[in-house]
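A.B. asks: First the structure, then my questions, so here it is.
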Amino acid sequence: MSRYETPSDPELVRRFLEDRAQESFESLYDRHSPYLFRVAFRMLHGDRSAAEDVLQEAWIRAVTSLSRFRGESTLRTWLCGITMNCCREVWRRRTFVPIDELPESPSPSRADRLQGVRLERALGQLDHDSREIIELYDVLGHTHDEVAAILDIAPGTSKSRLFRARATLRGILGTD
Amino acid sequence: MSDNEGADWNDNEARALRGLAEGGGSPAPEVKPRIIGRMRVLGLLASRPRGLWAWAPWAAAAVFAVIGFLAGRVLPSAPSAEERGGTKYVLLLTGGASATPEENAARRHEYGAWLGDLQERGVSADGAELVGARHEFPEGRPNEPVVGYFVVAARDESEAVAIARANPHLRHGGGVVLAAIR
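Just so you know, the protein sequences line up as chains A and B, in that order. Each residue of the first sequence is one higher than the last, beginning at 2 in the numbering used here. Each residue of the second sequence is one higher than the last, beginning at 1223 in the numbering used here.
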């Protein structure tokens, strides 16, 4: 029997910085890309193509500055911060139309699906700051400390922004 | 605005919001080579080693893997299902398309990455490839061979089902049997 190996992130980073080999990069890519793609996909309103472009840009920036990663947060949180910055740049260049259909998800019931569409529409009406915090905390499940590291804000700011964003979202859902 | 408008969501609302994260899936397979190609152009990746030296890292990795195995090294244990307030589930990987040794190595790597992804998300998970002769009982009954397994701690059955559906073995023509461990 051979265990499926799961080297730690610091180990994968060390390997990559040591050899800069494609295989070492692929280990990092395979581990984190599904999540980073999910972040970009959510932030870019379900636009797969734009999310894939952001994923590319985020990896290029991450690899360029990987030697400066100090491990003050987890690698995933650090990568997520880079991805968020790339998403913000896309936001500045274009306007997104809120999506009317819920992206593919594992066999949701009709009620869940309708609820999902309603939420997506409401999220699409939020300003960027509110959307960021709701997506990171309520949808993707980050803690306030992680959100603070990703957005480069204080944890207290994350909490107050979340409070305001939830109130705005509730208001939108209430008038839906 | 009333004082509690920005307060926590109720359970249904919180679940609905979390459910949104399940959409979108993964980046298309062609994205990885595209990114790697771009990184090569930018000089962010080393040139590929050639000839005999190309095998050196793999040989070294194999030697360390064997030493690690002989030394009885195991993965650090993650929190138990009970600690997460959930249940342990076993995912039995069955069958799967035949593959060359190189493809199998890539698959092992992919499954390990999937496992690492689960652990990163705080899911207690472990798994291994099953090797050697299979003995199935009763003998002669046609079954798809079990080729690997994962044990994961999930909050509830729906989370376990979502985890099982995302298992990379399904992309390689294999099956996954999911069951709770009593």
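Just so it is clear, CB atoms sit at the ideal spot from N, CA and C, and this is done for glycine as well.
1. Looking only at its own chain, which residues have a Cβ that is under 6 Å from the Cβ of L1267/B, when we skip the five neighbours before and after it?
2. Tell me whether the beta-carbon of L1352/B lies closer than 8 Å to the beta-carbon of V1374/B.
3. May I ask you to list the residues that DSSP assigns as paired with F4/A?
4. Would you mind working out which of G1334/B, W1231/B, E1244/B sits nearest V1383/B, comparing C-alpha positions?
5. Report yes or no: is there a C-beta of chain A within less than 8 Å of the C-beta of L1266/B?
6. To which residues of the same chain is D146/A closer than 7 Å at the C-beta, ignoring the five residues directly before and after it?
7. With a 10 Å radius around its C-beta and 16 neighbouring C-beta atoms as the bar for buried, classify V1253/B as buried or exposed.
8. From what residue to what residue does the alpha helix (DSSP H) around F1372/B run?
9. Could you name the residues of chain B that P35/A contacts, counting a contact when the two beta carbons are closer than 7 Å?
10. Let me confirm a value: A1236/B is counted as buried when at least 16 other C-beta atoms fall within 10 Å, else exposed. Which label applies?
11. Does the separation of the CB atoms of A63/A and L127/A fall below 8 Å?
12. Just curious, the alpha helix (DSSP H) that Y1333/B is in, first and last residue?
13. Going by alpha carbons, who is nearest to S50/A out of G1247/B, L1314/B, V1398/B?
14. Using the Cα positions of G1349/B and W1231/B, report the straight-line distance between them to the nearest angstrom.
15. From which residue to which residue does the alpha helix (DSSP H) around A59/A run?
16. Between I61/A and chain B, is there a C-beta pair that is closer than 8 Å?
17. Could you check whether the Cβ of H143/A sits closer than 8 Å to any Cβ belonging to chain B?
18. Given this structure, state the Cα-to-Cα distance separating N1234/B from D153/A, to the nearest angstrom.
19. The beta strand (DSSP E) with P1402/B in it runs from where to where?
20. Indicate the three-state DSSP secondary structure (helix, strand or coil) for T75/A in the structure shown.
21. Output the distance between the C-alpha atoms of A150/A and F70/A, rounded to the nearest integer angstrom.
22. Helix, strand or coil, according to DSSP, for G1245/B in the structure here?
23. For a contact meaning CB atoms closer than 8 Å, what does A1243/B contact in chain A?
24. Taking the straight line between their C-alpha atoms, what separation do you get for P1298/B and A1229/B?
25. Per DSSP, T1408/B is paired with what?
26. Across the segment 25-42 of chain A and the segment 76-90 of chain A, are there enough close Cβ pairs to call them in contact, namely three or more that are closer than 8 Å?
27. Please list the partners that E121/A has in chain B, where partner means a Cβ-to-Cβ separation under 8 Å.
28. Of the residues V1263/B, N1389/B, I1403/B, which one's Cα is nearest the Cα of D1378/B?
C.D. replies: In short:
1. By 1-based counting over the second sequence, the position of residue 1267/B is 45. Same-chain partners within the cutoff: M1261.
2. What you label residue 1352/B is simply residue 130 of the second sequence in a count that begins at 1. What you label residue 1374/B is simply residue 152 of the second sequence in a count that begins at 1. The answer is no: Cβ separation not under 8 Å.
3. As a position in the first sequence, residue 4/A is number 3, starting the count at 1. The sequence given here has Arg at residue 4/A, not Phe. Paired residue(s): A1350/B.
4. Counting from one through the second sequence, the residue named residue 1383/B turns up at place 161. Here the closest residue by C-alpha is E1244/B.
5. Position 44 of the second sequence holds residue 1266/B. Yes, contact with chain A.
6. One-based indexing of the first sequence puts residue 146/A at position 145. Excluding positions up to five away in sequence, the list reads P156.
7. Numbered from its first residue, the second sequence carries residue 1253/B at position 31. With 16 or more other Cβ atoms within 10 Å, it is buried.
8. Walking along the second sequence from the start, residue 1372/B turns up at place 150. Run containing F1372/B: none in the alpha helix (DSSP H); it sits in the beta strand (DSSP E), 1368-1376.
9. As a first step, residue 35/A must be located in the first sequence, where it is residue number 34. Those are S1248, D1339, listed as they occur along chain B.
10. On the second sequence, residue 1236/B is found 14 positions in, with the first residue counted as 1. So A1236/B counts as exposed.
11. Working through the first sequence from its first residue, we reach residue 63/A at position 62. Working through the first sequence from its first residue, we reach residue 127/A at position 126. Contact: no.
12. Taking the second sequence and counting its residues from 1, the one referred to as residue 1333/B is at position 111. That run of the alpha helix (DSSP H) goes 1323-1342.
13. Numbered from its first residue, the first sequence carries residue 50/A at position 49. It is G1247/B.
14. Looking up residue 1349/B in the second sequence gives position 127. Looking up residue 1231/B in the second sequence gives position 9. Distance between the alpha carbons of G1349/B and W1231/B is about 35 Å.
15. The residue given as residue 59/A occupies position 58 in the first sequence. 49-66 is the extent of the alpha helix (DSSP H) around A59/A.
16. Taking the first residue of the first sequence as position 1, residue 61/A is located at position 60. Yes, I61/A lies at the interface with chain B (some Cβ there is under 8 Å from its Cβ).
17. If you number the first sequence from 1, residue 143/A lands on position 142. Closer than 8 Å: no.
18. Here residue 1234/B refers to the residue found at position 12 of the second sequence. Here residue 153/A refers to the residue found at position 152 of the first sequence. Cα to Cα, the separation comes out at about 30 Å.
19. The residue labelled residue 1402/B in the question sits at position 180 within the second sequence. It is Ala, not Pro, that sits at residue 1402/B in the sequence shown. Run containing A1402/B: 1396-1402, per the beta strand (DSSP E) assignment.
20. Counted from its first residue, the first sequence places residue 75/A at position 74. Coil at T75/A, not helix or strand.
21. The residue you call residue 150/A lines up with position 149 of the first sequence. The residue you call residue 70/A lines up with position 69 of the first sequence. Each residue's Cα considered, the two are about 13 Å apart.
22. Sequence index remark: in the second sequence, residue 1245/B carries index 23 (1-based). In the structure shown, G1245/B sits in coil (DSSP, three-state: anything other than H, G, I, E or B).
23. As a working note, residue 1243/B is residue 21 in the second sequence. Under the 8 Å cutoff, chain A gives R39, R43, V140, L141, G142.
24. In the second sequence, the residue the question calls residue 1298/B occupies position 76. In the second sequence, the residue the question calls residue 1229/B occupies position 7. Note that P1298/B has pLDDT 38, beneath the 50 cutoff, so the model's placement of it is unreliable and no number is given.
25. It is not possible to answer for residue 1408/B, since the shown part of chain B is limited to 1223 through 1404.
26. yes
27. Walking along the first sequence from the start, residue 121/A turns up at place 120. Residues of chain B passing the Cβ test: L1242.
28. By one-based count along the second sequence, residue 1378/B stands at place 156. Looking at the Cα atoms, I1403/B is the closest of the given residues.
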